[in-house]
Each structure stands twice: as structure tokens, then as C-alpha cells.
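Chains as they are written, first to last, in the numbering used here: chain E, 19 to 310; chain S, 76 to 620.
Glycine included, each C-beta is placed from N, C-alpha and C at the ideal position.
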């Protein structure tokens, strides 16, 4: 029958259009990149500053620093079994670093189930080579007082180091900063990084305030299931990390895309088979099959 | 009638689907698609009445500029519940679940739908949804607007959003089941000889609408579930404070709700195609064009949703594409309008009540469709977005188009549903009153919107009062136009003239069986040997003048 073939063609068109619409959907929502600035004229020094996503990059664990007691340490001694939250600040910093540390401490207090030192470690590294272990010790004292949980002193490390070591670490995690001679300060990005126990960059959290839930889910993911429960794993599946926004949510899109595709395929498959039957019956000379 | 041919007065068939069985159980446990259609008829009429009462209260409130009748909060609830009732519980099920349920199997020559139990289940699911929404309304109402925009709905309002969302979720599943049933029925249950080219256009239209129901409604379900998750468990999906994206909600909502407009209008177009050919006594002009334009509308309808979001901060480039695609939908719609007019051209047009409604549909739908193009234009939309212009536009499509088609179809097939004719004179009067009342209600709103009166506002500047009074006056006339049919339909159940099998001398399998049809629709399985609209040339049926 001529109708059946026309219909089949029309149907293929429907399938294509439906797929296109699913694709268009994912494109339609405009998203601000984390680096996007509101103003078009950025001061030139800020061009050198940023936090680039180096997801899944290996951080060199042989870098050498001093801890807050002045002991020489290598990064790898903090890795191995637990995920690590890394932040790059400097201790003489008048503004942003304090904000980062305050925001971070607030978020840590918001995570009830996991504790610094027990389920994960935190490393705060100074980007200023002039910072001394004494500065680091002062900062540590200030922030662990605000956290007030057992074991934090063994889990949260404040490091200082030489410029080449700092740069190697900053480059590995995509943290770009610059010295601004005009205001005698470092210009740097604000954000914290989550690393896996083996030192791979797992996630970035931008800004100066961090949602405890996001960090908690990130920790579960970064520890590859070593902390967290089955329920967490299920939740993670539909609540995935979105590198573009530093938030979970991308997986919702994926689930929607998949289910849309499955629906279209199921309905389309049925229609295709049915139209095929009709055209076969027509070729055999029957008008249609008899009604069931 | 004056000729000597003694026309035997038609008598009611002895056995038919209405008297095959008695008692409340025989209705509530029925698997007969015709009885389920009647169940739906009662349920949606209830919601039409309820939504109509809300509309009346809204119009009454807007009689004066300062909103003296209701508190602002109450007003918000009124327009929300008017919208929710009308869209989800009346318009979407109206033609498919009542007329479609009744006619689709008969039109393709089948004994019932493919899944009779699923059909009954769909009515029960609809009723569960209806119950939830009634609970939400009785316990204080919802004031989100029928669009449930987040984060207003998910984080700020204290009203019964979740109960209402659950109600709509259920109503949505009921329409998925109906759509599924229709598609399988059209594919699997056609009588011998009923090829795709011989299907009535009503079947094509409902088939196209069913595709949208199955592909679109799940997205609505997902959207509402996500909304409930955010509202109930503070999982950030739409609320920026929780890390969500409010525009995402609009994308998801309109991805369903724009195609949903076509779920509503396509079956109405199918009704009009049937009525126009019958009362023009002429073969339909461009059968395959009308048939495939339904499919085209269904397909295009899925790629225009973002035209609701031109001012929501979407990128200019995607706005351009969506604007263009929205213009494209006008093509298949216009194809239909031109084909209906071409069908009437040189036909022997008879202005019985169904035809009055059909002609009204063509005119009003054209106005509604053309003003849709205004709104699809990027520049003009900025001016009239969220104003009464939008209200007028979609009421021209939904009431002027869809409800008019539904009323036309109800009159056209009333003799088939009940076996009796409605009284013609009051019916014609009702059709005309509806037409006048409708235009008086909604035409001033185009002007109001163009002048800048925003929708959903509780009060308005005094200079808008004249147009608002006109609109309210129109609404009261319109309500007469809707109450009249209720009265004479009820009257006709007992006192109406016995209709006979084919009171309109129409073609189509539904007119070849008795009125009302027997439980299994046909006394023997029909064999189809001719095209669907063989009016005129083969004067097989005598035309009564």
C-alpha cells in the first residue's frame, strides 16, 4: 500500500525529530561557566588568575613541604587510604583566604557523618613561599578551635613550602595565581579541591561557601565507596557531580535523556513493526489482517 | 418529507450498551469502552463546571479595578485552580477520553479498545488524581498558577502544592493509558478492509494526539516528581539557593505542556473534520493532507516549547530557532483550516448545530492561531508576554477552538451516545449564544493585553475597567451558552426524538450500527470497501433536504 510506505517515512522523520528535540533540550539551558565574569573589562592581572578543572589528574605526591611544626613532609604521607580535601591559600592573606577557610570550616561543621582525620584528611597549603611554619601553626590553632572534633589535629595539616614545590602543586590542580605588586597581595581564585586517596583530582567546589551535602556526596564518591552506605551510592547515581557548575545535577539530564530515548525507541519499535506487518499484508494482496 | 416515501419512524433498538446490564456494579466494573466514555463524560463535566465556577469568580472579581471581592491570596488560588481544573482535568481528557473512547473502536470496526481493562484503569487513575486535586482544593487550595513555576512553588508557598502535583501526576498517567490504548487499537484492531487511507480523520487526529500523550506526559510526571523532591526534601534541582536551575523547570514543564496544547486541540480538529464533511455533503478536501498535518503538528509540537521562555533569559540563538519552529507549526494548522474551507466550498452546507460549532471553531481557531504567531515573534513577545494578550490567545485556541469542537462533537454524536436527538432550536440558540459570549469575553482581553494589563494581577488601573466590564459581561453570556446544553441534553435523555441509526446520513462505521450501539458495537464484523467520506457521488444514502 502506498500509505504504509509513506507512513513509514513519516515515522522515521518523527524518530529523528524526537531525537533532535532531546538533543536540543540539553543545549537549551544556558549555563554560566565558573570562570565567566560579569564585566567585560577584567583587570589584566586577573587574566592570570583562575581555577581550571584538571579532573582525574594525578597530583605529584612526592612534593616536599614543611608542616606546622616545621617538620619536613612529603604529600604522599597524607594519601593512601582516605580522600583528601586540598585548599591553596596564604596565611598573611587579608581577605579571600580567610573567607575560604571560614566557609570551609562552616561546611565541615555541617557534615555530621564524616569527620576530619577519621574519614578524610584536609591539607591547607600556602601559596606564599614567605609564610613560615609559625604562621601555619597560628592558622591551624584558629581553625581547629572552630571545628572542635576529636582527631582533627591529626587530620588537618597546614603546610608551607618553596616556590617550585608550590607551583608544581598549583599547576597540577589548575590553580592559577599571581602576585599583584600594586596592592602587595596575591591575586588568586577561591575554591577547594577534592582528591581521591591515590591523589587524583576528583572535584572542585567553587566560591567561598560550600554546600555540606555536595562535599559529603563528593567524599563518598572520591573514596570509591569506602565511606558511605549503599543508600548513598544509589543517591549518587541520580545526583552526579556537574563539573561545569561544581554542583550535582548533570546526572538528572542523563537519566532524562536515557528514558526519553527508551520511550521513543519502545513506541517507535512497536510502530515500525506494525507498519511493516501492514505493508507485508498488503503485498500479499490482503487489504489488512482480519480483526482479532 | 412530503414525498410519498413512507419513512418509518425510527425505534430504539431493543438491546444496547446502556440497557445491557443494570446496577452500579455494571458501571463501575464495566470493560465496555462506551460505558467508560460515559463515566468520563460525567467526571470531566464535573470539572468543567468547577473550573467554570472559578472562572466566573475571577471575572466577577475583575469587574472593579481595586479588587473588592477577594483577597489577593484568594484570587491567586482562584486562577490557579481554574487553570489546573480546566487544563488537566477537563481539556486534556475531554475529546479523547469521552468521544475518542466511545468512537475510536467503532470507527475502526472493532468490538472494543485493545486493552479494555487498562481503559477502565485509566478512568480510576483519573479519579484518584481528581480526588487528590479536590483534597488540595478543599483543604485550602494552591496559588502557584497552573504552571507551578519553581522556585516559587518548591520553596516559598505554603499551600498544598504536593497534593495538587500528585493529582496531576495521576491524571497524566490516565492519559498515557488512553493514548497507549488508542495506538494499539488503531494498529491491531482495524476491521478487514480498513486501511490507513480509509481511517476517519478523527482517528488520525486521536492517533497523533496519542503519540504526544505517550511521549510527552512522562516528562510532566518527572517534572512534578522533581518538584515534590525539592519541596519535600530540599534536594536542589530548580532552586538556585539549593544549587538548582529555575530555567530547567521551565524547560521541563513546557516540554510537556506545549505539546499538551496539541493533545487538546488535535482531537478537536478531528471532530471538526468529521462534522464539516458531513454537513457539506462533500468528500473531504485533501484527505491525506489533513491526516498527515495531524502527525506534523504532533512532531513539530515537540520542538517549540521554549517560545514560552523568550524573556526567561534563554540565549538569543535558541530563541531564534524556537521562534522559527513555532512559525513552522502554523503551516500544518493552516493546511487544516484551508482544507475545511475548501471542503465547504460548493458543498450543500447545512447549518445544523454541530456545523454551527464547527464553523465557529474554524473562525475562532484561526484568530487564536494567528495571534499565536504574534507571540512567537521575538520582538512582539517581549511586549505582550505575560499579559492578557496571552490569556486571550490561548482561550481562543482552548475555548474557542477546543471546547467549541467538543460541544460540536457532543451534539454530532449525541444521538449515537444516547439514541435520542437533542432539541434543535435551543441547541442552535446555545451555539450562537456561546459564540457571542465567547468573543465578548475574550476579544477585549487582546486589547487589554496589548495595552499592558498583566495576567494574574489582582487589581488593575481604572482606565482598563471598561474593557474588563465588557469581558465580564461576555462571560455571563458565555455561561448561559454552556448551561443551556446541560439542560436540554438532560431533557433529551427522556423526551428527545428517537434518532435512528444515522440521523445525519453520515458516512463512517459508527453510523452503520444502531444508536445506541450494542455492547459489542456491531452485530457482525463490518468489512470496509470504500473511502471514509464517500458523500455525494455514490448516492448510496438518500439526502434528506
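Task: Cutoff 8 Å: residue 97(E) Cβ touching any chain S Cβ - done: no
Open item on the list: Let's test the definition: count the other Cβ atoms within 10 Å of the Cβ of residue 173(S) and tell me whether it reaches 16, buried, or not, exposed.
Closed with: buried
Open item on the list: For a minimum of 4 consecutive residues, which ranges assigned as the alpha helix (DSSP H) are wholly contained in the region 474–546 of chain S?
Closed with: 479–493 and 499–526
Open item on the list: Let me see if you follow: with CB-CB separation under 8 Å, is residue 229(E) close to chain S or not?
Closed with: yes
Open item on the list: Assuming contact is defined by CB atoms lying nearer than 8 Å, are residue 402(S) and residue 448(S) in contact in what I supplied?
Closed with: yes
Task: Beta-carbon neighbours of residue 282(E), restricted to chain S and to distances below 8 Å - done: 290
Task: Reference residue 118(E), options 220(E), 275(E), 143(E) and 132(E), closest by Cα - done: 143(E)
Task: Of the listed residues 400(S), 413(S) and 520(S), nearest to residue 541(S) (C-alpha basis) - done: 520(S)
Task: Secondary structure of residue 54(S), DSSP reduced to three states - done: The question about residue 54(S) has no answer here: the residues shown for chain S are numbered 76 through 620.
Task: Cutoff 8 Å: residue 319(E) Cβ touching any chain S Cβ - done: Absent from the model: residue 319(E). The displayed extent of chain E is 19 to 310, so no value can be given.
Task: Coarse secondary structure for residue 141(E), derived from DSSP in three states - done: strand
TODO: Look up residue 603(S) in the DSSP assignment and say whether it is helix, strand or coil.
DONE: coil
- [ ] Closer than 7 Å by C-beta to residue 54(E): which residues in its own chain qualify, once you throw out the five before and the five after it? Chain order, please.
- [x] Summary for residue 54(E): the model assigns pLDDT 41, below 50, so the residue's position carries little reliability; its value from the coordinates is reported in the next sentence. So no residue of the chain qualifies.
TODO: Would you mind telling me which residues of chain S sit closer than 7 Å to residue 274(E), beta carbon to beta carbon, in chain order?
DONE: 297
Task: CA-to-CA distance, residue 513(S) to residue 343(S), given in whole angstroms - done: 17 Å
TODO: Could you tell me the distance, in whole angstroms, from the CA atom of residue 129(S) to the CA atom of residue 539(S)?
DONE: 22 Å
Open item on the list: Applying the 10 Å Cβ sphere with the 16-neighbour rule, what's the burial state of residue 181(E)?
Closed with: exposed
Open item on the list: Using a Cβ distance threshold of 8 Å, determine whether the region 591–608 of chain S contacts the region 87–98 of chain S, with at least three qualifying pairs required.
Closed with: yes
Task: Option in 115(S), 225(S) and 406(S) with minimal Cα separation from residue 317(S) - done: 225(S)
Task: Where the alpha helix (DSSP H) through residue 219(E) begins and ends - done: Here residue 219(E) belongs to no alpha helix (DSSP H); instead the beta strand (DSSP E) covers 219–224.
Task: Inter-residue spacing [alpha-carbon to alpha-carbon] between residue 92(S) and residue 114(S) - done: 13 Å
Open item on the list: Applying the 10 Å Cβ sphere with the 16-neighbour rule, what's the burial state of residue 265(S)?
Closed with: buried
- [ ] Indicate whether at least one CB of chain E lies closer than 8 Å to the CB of residue 315(S).
- [x] no
Open item on the list: Any C-beta of chain E within less than 8 Å: which residues of the region 572–584 of chain S qualify?
Closed with: none
Task: Paired residues, beta bridge with residue 428(S) - DSSP - done: Paired residue(s): none; residue 428(S) is not in a bridge.
TODO: Would you decide whether residue 427(S) is buried or exposed? Buried here means 16 or more other CB atoms lie within 10 Å of its CB.
DONE: buried
- [ ] Would you mind stating whether residue 328(S) and residue 222(S) have Cβ atoms separated by less than 8 Å?
- [x] yes
Open item on the list: Using a 10 Å radius around the Cβ and a threshold of 16 neighbouring Cβ atoms, would you call residue 374(S) buried or exposed?
Closed with: buried
Open item on the list: For residue 101(S), count the other beta carbons within 10 Å of its own beta carbon; 16 or more makes it buried, fewer makes it exposed. Which is it?
Closed with: exposed
Task: Segment contact, 8 Å Cβ cut-off, at least three pairs: the region 205–214 of chain S with the region 242–252 of chain S - done: yes
Task: Which listed residue (103(S), 288(S) and 552(S)) has its alpha carbon closest to that of residue 192(S) - done: 103(S)
Open item on the list: Just verifying my parser: in three-state terms, what is the DSSP assignment at residue 84(E)?
Closed with: strand
Task: Cβ shell of residue 368(S) (< 7 Å), same chain only, five flanking positions each side left out - done: 407, 410 and 411
Task: 7 Å Cβ shell around residue 211(S) - same chain, five flanking residues per side excluded - done: 217, 235, 238, 239 and 242
- [ ] Determine the direct distance from the alpha carbon of residue 285(E) to that of residue 215(S), and round the result to whole angstroms.
- [x] 40 Å
Task: 8 Å contact criterion, which residue 183(E) and residue 83(E) should meet: CB distance rounded - done: 6 Å
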